[in-house]
Ligand code: ASP
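Residue numbers (this note's numbering): 343 to 633.
Shown next, in the form of structure tokens:
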């Protein structure tokens with residue numbers, strides 16, 4: 343049997359960039375010492391990606407339409423789950439999500455409550471904004487600037503978008519990890535969201551069953567347009583099918599459901615692991631054979 347750490351760096355990149363992304367994610371996966379706890383391994387990998395401004399998570403997170411940064415993150419092991427929703431001004435949302443799971447009776451903490459909880463535990467104030475995020479917001483706002491609706495506010499322009507998913511086709515670069523160590527499963531996810539979005543918007547990443555699911559049969563994590571992934575409970579569906587057919591087939595079938603919407607998943611089961619996306623997605627993989 344082998345121990346596995348599998349990472350993704352978000353779906354939606356051009357195919358020409360996938361090799362580079364794979365190299366980077368592979369080196370992140372290999373830098374993680376696997377140890378004996380699958381949650382430690384998944385969280386460590388996500389922390390590295392949150393601290394790397396190239397990813398849309400932690401430092402480097404995308405901005406809301408009002409210029410603020412609110413991040414979602416979650417962790418899970420079989421029977422337990424913790425997440426933070428729209429948390430602000432912390433360096434590593436995934437660590438706070440883990441604390442929600444391990445130190446509170448709750449599963450989810452949102453907004454200022456999540457920030458207060460983090461401060462109570464000693465998480466310092468941190469500004470995750472970057473030049474890249476500012477430029478990305480500017481590009482998004484420019485594209486919302488439809489001359490036909492000049493009298494509308496930028497908010498109403500965003501809200502009148504019926505093709506939200508198509509509009510966001512290149513903007514998903516959430517990070518996630520699934521792991522299996524000594525036959526135990528874990529997963530961790532972190533994101534700044536899918537820009538442009540309204541302040542307060544929550545994606546799939548901190549919703550159990552939507553962008554993350556861990557159960558007795560394995561661990562599954564998703565990336566893509568959170569609204570569509572949530573409506574489908576994508577990760578729960580994949581987990582429930584594990585064991586009925588090859589994992590790869592399950593992922594292809596489930597991601598295949600999304601037509602104009604970009605989506606990608608990574609998963610581990612007791613004896614398989616894999617990934618599938620309908621647009622470019624970087625992957626990092628570390629396998630330690632135990633036999
Ligand atoms: N799923 C994330 C969200 O909608 C975006 C992503 O995968 O990059 O918040």
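We put the CB at the ideal spot given by N, CA and C, even for glycine.
Counted within 10 angstroms of its Cβ, other Cβ atoms place residue i as buried (16 or more) or exposed
{"i": "residue 622", "result": "buried"}
{"i": "residue 492", "result": "Model confidence at residue 492 stands at a pLDDT of 47, short of 50, so the residue's coordinates are unreliable and nothing is read from them."}
{"i": "residue 544", "result": "buried"}
{"i": "residue 397", "result": "buried"}
{"i": "residue 359", "result": "exposed"}
{"i": "residue 479", "result": "buried"}
{"i": "residue 401", "result": "buried"}
{"i": "residue 468", "result": "exposed"}
{"i": "residue 599", "result": "exposed"}
{"i": "residue 474", "result": "exposed"}
{"i": "residue 356", "result": "exposed"}
{"i": "residue 386", "result": "buried"}
{"i": "residue 365", "result": "exposed"}
{"i": "residue 448", "result": "exposed"}
{"i": "residue 348", "result": "buried"}
Any non-hydrogen atom of ligand 1 within 7 angstroms of residue i CB
{"i": "residue 535", "result": "yes"}
{"i": "residue 424", "result": "no"}
{"i": "residue 472", "result": "no"}
{"i": "residue 547", "result": "yes"}
{"i": "residue 353", "result": "yes"}
{"i": "residue 370", "result": "no"}
{"i": "residue 401", "result": "no"}
{"i": "residue 398", "result": "yes"}
{"i": "residue 414", "result": "yes"}
{"i": "residue 567", "result": "yes"}
{"i": "residue 553", "result": "yes"}
{"i": "residue 571", "result": "yes"}
{"i": "residue 602", "result": "no"}
{"i": "residue 394", "result": "no"}
{"i": "residue 379", "result": "no"}
{"i": "residue 449", "result": "no"}
{"i": "residue 516", "result": "yes"}
Residue from the options whose Cα sits closest to the Cα of residue i
{"i": "residue 604", "options": "477, 467, 394 and 515", "result": "515"}
{"i": "residue 532", "options": "522, 518, 467 and 525", "result": "518"}
{"i": "residue 350", "options": "475, 370 and 465", "result": "370"}
{"i": "residue 433", "options": "365, 412 and 444", "result": "412"}
{"i": "residue 453", "options": "445, 440 and 435", "result": "435"}
{"i": "residue 528", "options": "462, 428, 421 and 466", "result": "421"}
{"i": "residue 393", "options": "549, 460, 534 and 450", "result": "534"}
{"i": "residue 380", "options": "424, 449 and 525", "result": "525"}
Short Cβ contact (8 angstroms threshold) for residue i with residue j
{"i": "residue 584", "j": "residue 553", "result": "no"}
{"i": "residue 426", "j": "residue 408", "result": "no"}
{"i": "residue 610", "j": "residue 521", "result": "yes"}
{"i": "residue 626", "j": "residue 367", "result": "yes"}
{"i": "residue 406", "j": "residue 573", "result": "no"}
{"i": "residue 395", "j": "residue 472", "result": "yes"}
{"i": "residue 612", "j": "residue 384", "result": "no"}
{"i": "residue 430", "j": "residue 457", "result": "yes"}
{"i": "residue 548", "j": "residue 410", "result": "no"}
{"i": "residue 455", "j": "residue 442", "result": "no"}
{"i": "residue 562", "j": "residue 581", "result": "yes"}
Close Cβ partners of residue i (< 6 angstroms) along its chain, the five nearest in sequence each way excluded
{"i": "residue 629", "result": "344 and 346"}
{"i": "residue 353", "result": "514, 565, 566, 604, 606, 619, 621 and 623"}
{"i": "residue 459", "result": "451"}
{"i": "residue 439", "result": "415, 416, 417, 424, 425 and 426"}
{"i": "residue 614", "result": "589"}
Own chain partners of residue i with C-beta closer than 7 angstroms, once the 5 adjacent residues on each side are dropped
{"i": "residue 551", "result": "575, 577 and 578"}
{"i": "residue 382", "result": "none"}
{"i": "residue 616", "result": "589, 590, 593 and 609"}
{"i": "residue 571", "result": "546, 552, 553, 564 and 605"}
{"i": "residue 482", "result": "537 and 538"}
{"i": "residue 377", "result": "383"}
{"i": "residue 632", "result": "343, 344 and 345"}
Close beta carbons around residue i, own chain, < 8 angstroms, minus the five adjacent residues each side
{"i": "residue 390", "result": "370, 373 and 374"}
{"i": "residue 484", "result": "none"}
{"i": "residue 437", "result": "385, 389 and 465"}
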